[in-house]
Structures are given as C-alpha cells and as structure tokens.
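Residues 28 to 306 (our numbering) make up the sequence shown, in order. Note that CB positions come from ideal geometry on N, CA and C, so glycine has one too.
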Amino acid sequence: MRVQLACHTNSFGRFGPKGAIEHLKEVGLDSIELLIHTEGLKTNYGEQALLTENSTVQQVKEVESLLKKNGIKLAAVSLGAGNPLIDSEREILEKKLEIAARLGVELVSGPAGVAANDDERAQCIKILRQFGTFCAKKKMIYCCDTLPGLCVNHRTMLKTIEDVRNANVRLCFDTGNLSFYNPEPIVEVALAKVCQHVRLIRLKDSMGEQSQWYFPALGYGGSVDFLRVLQLMRDCGYKGPYVLSIDGLKRDEQLPLVEHQNRLRDSLESLRDCGYYDP
C-alpha cells in the first residue's frame, strides 16, 4: 500500500499556509501539516499567519472552509517552537493545542522543552505528561519535535519517551533538523534507534552541516538516504504521514510560487525513485 505523503506549509515560503492550501494540489499532494503561528513573532519568510494561538472559533471555521474548498486534508498541525518550561510559552502552546483540537486533527507536533538541570528536566517531563493527558481526551497525539532540548537527538528522544511514559506523547522525527542541531549525525542510524516511537516523520534534506540553513528539494542535499528512511519506517509498521518539508536555501528566501512548487515536484520524483509510491 502506498504511503501517505503530506506537505508542511513552510514549503511554500512567503506564500504561507494559505498559499499551501490553495496551490498544493497543483503538485499532486492533498494533505498538509499546518503551522499555527505565534502572534507578534516574526515569521521565517515574512508569510502571513492563517492561525495563531489567539484565533477565534470563527477563524478556525474559516480555515476549515478553506481546506474543504480546496480539497486539502490535515495530516498534522505544528505548534512551532517554544519552551513549555516558561509559563508564557506554555500558555501559548496550550492555546494552540486547543485550536488543533477544534480542527479535529490527530497528530500535533510541538517542542519537548529545554532544561538547564535535572529539576527543570523533571518539570518538562511533567508538562509533557499533561500535554499527553489533554491529547488523550481530544483523541490527539503530541509528537515531540526534533528541536534543541529534550528531543534534539536520538539519545535524548529515547530518554524523554521512556521518562514520560504516556501513550499520547510520541516523536516527530525531522531528518533535516537532526543535522541542523547536531554535529555530523548519521540520520538513518538515529532513526533506527527511535523508529518504534515515531508517529510523525518530516522528510527534509540538507548538506548535513550543523547550523546551516540549507534545505533544498529532497534528494538535492545529500545528507539523507530517503530509501533507507522508508525501509526503516516500513519495518516499524509505519505508513505515514511522511511530511515533505522544503524550507529553502536561506531563511529570508523570496521566490515566486512556481519555484516552491517545482521543488516539491522534484522532491516527489526523488521519493518516487525511492519507492514511496510503490503499492
């Protein structure tokens, strides 16, 4: 059975979530991971937010209507970055979780937290359990993103999942972020260590250089073996979603819409060659 493919709204750069919803089908995909922005925070590409933590019920309904109008499904919702250990940032994440619940999505990606010592780490674990309890009530799964802190690499991911001990707290494994935040990781080895805990995977390519914002079309960076990624996840019984995240060659990249679409088309061809379209 062909795996489920989706696209992160960041892949449309300055055209943002609205552009992704309106133009994704033109490249042959019909599912997205929708980013909920943080109100007042500068965006990566200067894109306009579709939803923030302060969005109203009516605004959520308008997004649902936009999705339906364009025939786009929600594969996941991204809460973005933040540290749940900080009260103000945790409150924002909690508001975003409420919005995700209104959207009726199953998978939510968000930060696991950053801790300076054992006491802070224990507090992060407690908060993640609370997120998991909330998600269980809403039939959602909180997928800890590959970000600095408690889920920055496979070792910290394993330790966090073991300590949280909550079936509604899993992992979001980002193949590009692993290289961005770690020196010379072997992506496939890291994934093999944690694949049984992964509920959301983001396909992102890079040159494998730490702190270098260079995320081209899949297959054009060279640091990720996407065939091996598919084999590992299939062996773990994972069917998707596999979320394409083509974040661009620099943070402030300003491209025409067709260039974002072409990168997605090139990425899909790479995935086709790797067997992602095989029955």
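For the 9 Å CB-CB criterion, G40 and Q281 form a contact. Assignment of V270 by DSSP, reduced to helix, strand and coil, places it in the strand class. If you draw a straight line from the Cα of L94 to the Cα of A103, it comes to about 13 Å. I119 and T65 have their alpha carbons spaced roughly 8 Å apart. Nearest Cα to A149 within the set K220, D279, P111, L174: P111.
Checking the DSSP bridge columns, you'll see S294 has no partner listed.
Taken in chain order, the complete alpha helix (DSSP H) segments of 4 residues or longer contained in the segment 160 to 248 are 181 to 191, 202 to 208, 214 to 221. H181 and V141 do not touch by the CB rule: their CB atoms are close to 17 Å apart, not below 8 Å.
From the listed residues C151, L205, K165, the smallest Cα separation to T187 is found for C151. Note: T36 is not bridge-paired with any residue in the DSSP secondary-structure output.
A direct Cα-to-Cα measurement between D190 and E286 gives close to 43 Å. Taking every protein chain shown into account, the CB of E60 has 16 or more other CB atoms within 10 angstroms, so this residue is buried. In the structure shown, the three-state DSSP call for V84 is helix.
If you draw a 10 Å sphere on the C-beta of P306, you find fewer than 16 other C-beta atoms in it, and that means exposed. Taken in chain order, the whole beta strand (DSSP E) runs of length 3 or more contained in the segment 53 to 110 are 58 to 62, 100 to 105. At the C-beta level, D300 and N71 stay beyond 9 Å of one another.
With a cut-off of 8 Å on Cβ pairs, the segment 171 to 178 is in contact with the segment 128 to 144, counting three or more such pairs.
Sequence-distant partners of R255 (beyond 5 residues in either direction) whose C-beta falls short of 6 Å from its own C-beta, in its chain, are E215. Each residue's CA atom was taken as its position, placing Q31 and R117 some 31 Å apart.
Contact between Y241 and L271 fails: their C-beta atoms lie close to 16 Å from each other, not under 8 Å. The residues L198, F200, in chain order, have a CB closer than 6 Å to that of V225 in the same chain once the five nearest residues on each side in sequence are set aside. Here S238 is exposed: its Cβ has fewer than 16 other Cβ atoms, across all protein chains shown, within 10 Å. The beta carbons of N195 and G159 sit about 4 Å from each other, so the pair counts as a contact at 8 Å. DSSP places L134 in the uninterrupted beta strand (DSSP E) bounded by 134 to 137. In the three-state DSSP reduction, G46 falls in the helix class (H, G or I).
Linking N204 to S233 through their CA atoms gives a straight-line distance of about 9 Å.
Taking a 10 Å sphere around the C-beta of T83, we find fewer than 16 other C-beta atoms and assign the residue as exposed.
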